[in-house]
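A.B. asks: Structure provided below as structure tokens; questions to follow.
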Amino acid sequence: MSQRTLEDSSFRQREPKCHLYGLPGCPRNFSPVCGTDGIIYPNECVLCHSNR
1 MSQRTLEDSS FRQREPKCHL YGLPGCPRNF SPVCGTDGII YPNECVLCHS NR
């Protein structure tokens with residue numbers, strides 16, 4: 001699943017860097033990303049863990 005971020009009023013689609021999130025937990029930072037499933041995740045780590 002990829003993510004989209006809002007940048008300069010346009011969407012930019014890219015693959016998430018899930019290899020960075022090997023630990024079972026995620027940080028609590030709020031940096032929302034939209035998955036291709038239409039769900040907005042609080043950050044990239046949460047998106048990656050939801051795909052496992």
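The numbering of the sequence shown is the numbering used here, which starts it at 1 and goes up by one.
Virtual Cβ for every residue (Gly too), placed ideally from N, Cα, C.
(1) DSSP has Tyr41 in a bridge; who is on the other side?
(2) Taking buried to mean at least 16 other C-beta atoms within 10 Å of its own C-beta, is Glu44 buried or exposed?
(3) Leaving out five residues before and five after Ile40 in sequence, what residues of the same chain have Cβ atoms less than 6 Å from its Cβ?
(4) Using the beta-carbon count (16 or more within 10 Å), is Leu23 buried or exposed?
C.D. replies: Straight from the coordinates:
(1) Val33
(2) buried
(3) Pro32 and Cys34
(4) exposed
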